[in-house]
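See below for the structure under consideration.
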Amino acid sequence: MHQLTLAEIARGLADKKFSSEELTKTLLARIAQLDPQLNSFITLTEDLALEQAKAADARRANGETGALLGAPIGHKDLFCTLGVRTSCGSKMLDNFKAPYDATVVAKLAAAGAVTLGKTNMDEFAMGSANESSYYGAVKNPWNLEHVPGGSSGGSAAAVAARLLPAATGTDTGGSIRQPAALTNLTGLKPTYGRVSRWGMIAYASSLDQGGPLARTAEDCAILLQGMAGFDPQDSTSIDEPVPDFSANLNGSLQGLRIGVPKEFFSEGLDARIAELVHNSIKVLEKLGAVIKPISLPNMQHAIPAYYVIAPAEASSNLSRFDGVRFGHRCEDPKDLTDLYKRSRAEGFGPEVQRRILVGAYALSAGYYDAYYLQAQKIRRLIKNDFMTAFNEVDIILGPTTPNPAWKIGAKNSDPVSAYLEDVYTITANLAGLPGLSMPAGFVDGLPVGVQLLAPYFQEGRLLNVAHQYQLNTDWHTRSPAGF
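Residue 236 in full-length UniProt numbering sits at position 236 of the sequence shown, with consecutive numbering throughout.
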């Protein structure tokens, strides 16, 4: 049963081939057996899962249907979950049990999804490798010596290893798409505001967006259907109708205009990945798509702009973790200043501290105009580049990452080299656009992804293209040896 996709699980439950309780017990046993190799979970919620599975079976027995009813999933450990530790991968929140459900958690639970547990992640979602977690690095199931990508690496590794069929993630600069590419999954970052951020512990509020990680575009459509929608509790949520994301999966690609930016094929791109991207383009051409070269001239400024804006927002968001109200508190503080200093120094790891310092500096008097304001101007230029491009093409295609997964610890002494792995993904976050990564082949036995970008609220178009691509390729069906 562990090899089934979400869509296959929905059909199996509807046909009474197995129950949600049977499926849940099977996957919980599989997690107990295999996850010690991967470290993909922080907290397992066995009792909650079995309770939800039994309730889902009862709902089906009463005639209720639904693609997610009884389907097992995992949540990235920054989605608040009532009564369950929600750690954000940090010592700071190691003792925090959320007093409420995030909107995403509540919506998926209402749809009948079964929560197996909370998945490991880079601390406060800051990282590209899932190495900064207080609970230790997550291993890539395709090669246990390599990273799975970050910050949603726990969700990605668990789905790739067939411990569960799908999981939630969040994407601030590529943190759904990049681990999807490095673990042979399909990962979708929706339009900013499409999925509620309420109850999702913030890293950078103007960039963060929740989304699905699964093996297929069809499964991503199912999970996104349960996650998306306007939320009056979230001031950044957009009141936009939610279409049926599965309705147009089988639409023709005839005449679809695909833009390929020349800036995506710069010196930093591994030549073998470039070849796989071009192979993907040929597949889409055979399906009727029209390829057009385009330019995104301000892409070269994306990384410096992102690494000013994101740390600036992080320094503001993380100021609430002060040892006073919740989270880690140092022992025997001498005074209030000592309480603040030691609680934060003990609670936050090196990467989080680094980004808080960068952000506080960029926002400080005398530097705000020189750094933060300039970065926001560049952000607007990047958005304008996309708007110009989408006047000529329907979607944009390129590599998801410049390199395959690297060895654990290989970039620890040079954080900037890890930041550069996000070069192709962060532009979508800066512009607020939807983006999807889909499996496109292997380099040295490690998975590689191709990224698709679309205009605002065109997630259905991305899912359609990815689904048609997956009907004509088999990369997404391959699983790592031993799992």
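Glycine included, every Cβ here is placed at the ideal spot set by N, Cα and C.
(request) Look at the alpha carbon of Ala14 and the alpha carbon of Gln374, and state the distance between them as a whole number of angstroms. (result) 55 Å
(request) Going by CA-CA distance only, name the one from Asp332, Arg342, Ala440 and Ala289 that's closest to Ser252. (result) Ala289
(request) Return the chain-ordered ranges of every alpha helix (DSSP H) run that is complete within the segment 269-296 and spans a minimum of 4 residues. (result) As for any alpha helix (DSSP H) of minimum length 4 sitting wholly inside the segment 269-296, the runs are 271-286, ordered along the chain.
(request) Check the C-beta distance from Ala71 over to Leu28 and give it rounded, since I have them as a contact under 8 Å. (result) About 14 Å; that fails the 8 Å criterion.
(request) Could you please give the first and the last residue of the uninterrupted alpha helix (DSSP H) stretch that includes Lys25? (result) Ser20 to Leu38
(request) Can you check DSSP and say which residues form a bridge with Gly74? (result) Gly117 and Ala167
(message) Could you pull the DSSP bridge partners for Pro212 from this structure?
(response) Paired residues: Thr168.
(message) Going by DSSP in three states, Gln376 sits in which element: helix, strand or coil?
(response) helix
(request) Taking only the alpha-carbon atoms, compute the straight-line gap between Arg162 and Leu69 and give it to the nearest angstrom. (result) 19 Å
(message) Short of 7 Å in beta carbon distance, which residues of its chain neighbour Gln209, apart from the five on each side in sequence? Order them along the chain.
(response) Thr170, Asp171, Lys189, Pro190, Tyr192 and Val195
(request) Under 8 Å by Cβ, that's how I've got Ala466 and Ala217 pegged, so tell me the actual separation to the nearest angstrom. (result) A Cβ-Cβ separation of about 4 Å places Ala466 in contact with Ala217 under the 8 Å criterion.
(request) With a 10 Å radius around its C-beta and 16 neighbouring C-beta atoms as the bar for buried, classify His278 as buried or exposed. (result) Here His278 is exposed: its Cβ has fewer than 16 other Cβ atoms, across all protein chains shown, within 10 Å.
(message) Give me the DSSP bridge partner(s) of Ile395.
(response) Ile258
(request) Please classify Pro350: is it buried, with 16 or more other beta-carbons within 10 angstroms of its beta-carbon, or exposed? (result) exposed
(request) My understanding is that Lys91 touches His328, with C-beta atoms under 8 Å, so please give their C-beta distance in whole angstroms. (result) 6 Å
(request) From the DSSP output, read off the bridge partner residues of Met200. (result) Beta bridge pairing from DSSP links Met200 with Phe79.
(message) Contact between the segment 148-156 and the segment 129-140 is defined here as three or more beta-carbon pairs at a separation below 8 Å; is this criterion met?
(response) yes
(message) Between Ile222, Thr236, Ala160 and Val84, which has its C-alpha nearest Gly432's C-alpha?
(response) Thr236
(request) Figure out for me which residue from Asp101, Asp35, Arg325 and Ala214 has the closest Cα to the Cα of Glu8. (result) Ala214
(request) Determine the burial state of Ser87: buried for a count of at least 16 other Cβ atoms within 10 Å of its Cβ, exposed for fewer. (result) buried
(message) Helix, strand or coil, according to DSSP, for Gln178 in the structure here?
(response) Under the three-state reduction of DSSP, Gln178 is assigned to helix.
(request) Could you check which residue in Ser19, Leu397 and Ala53 has the C-alpha nearest to that of residue 484? (result) Outside the shown range of the chain, which is 1 to 483, sits residue 484, and nothing can be said about it.
(request) Find out if the Cβ-Cβ distance for the pair Ser175, Gly74 is shorter than 8 Å. (result) In this structure, Gly74 does not lie closer than 8 Å to Ser175 by Cβ.
(request) Out of Thr103, Ala305, Ala310 and Ile291, point me to the one whose CA is closest to Glu392's CA. (result) Ile291
(message) Please list the terminal residues of the continuous alpha helix (DSSP H) segment that includes Lys189.
(response) Element bounds for Lys189: not the alpha helix (DSSP H) but the beta strand (DSSP E), Thr186 to Lys189.
(request) Please report how far the alpha carbon of Phe245 lies from the alpha carbon of Cys80, in whole angstroms. (result) 26 Å
(message) Quick check on the DSSP output: what are the complete alpha helix (DSSP H) runs of length 4 or more inside the segment 300-326, in order along the chain?
(response) 302-317
(message) Within a Cβ cutoff of 6 Å, which residues of the same chain sit near Gly117, ignoring the five residues on either side of it in sequence?
(response) Phe41, Thr43, Leu44, Thr45 and Gly74.
(message) Using 8 Å as the cut-off, can you tell me whether the segment 325-340 makes contact with the segment 281-288, which would need three or more C-beta pairs spanning the two stretches below that distance?
(response) no
(request) Alpha carbon to alpha carbon, how far is Asn250 from Phe390? Give it in angstroms, no decimals. (result) 23 Å
(message) Which residue wins for smallest C-alpha separation from Gln470, given the options Val159, Asn39 and Asn184?
(response) Asn184
(message) According to DSSP, simplified to helix, strand and coil, what is Leu224?
(response) helix
(message) Taking the beta carbon of Arg197 as the centre, do at least 16 other beta carbons fall within 10 Å, making it buried, or is it exposed?
(response) buried
(request) Could you name the residues of the same chain whose beta carbon sits closer than 6 Å to that of Asp394, not counting the 5 residues immediately before and after it, in chain order? (result) Leu256 and Arg257
(request) Specify the secondary structure class of Arg194 as computed by DSSP and reduced to three states. (result) coil
(request) Kindly indicate which residue of Tyr371, Ser343 and Leu223 has the alpha-carbon position closest to the one of Ala10. (result) Nearest C-alpha to Ala10: Leu223.
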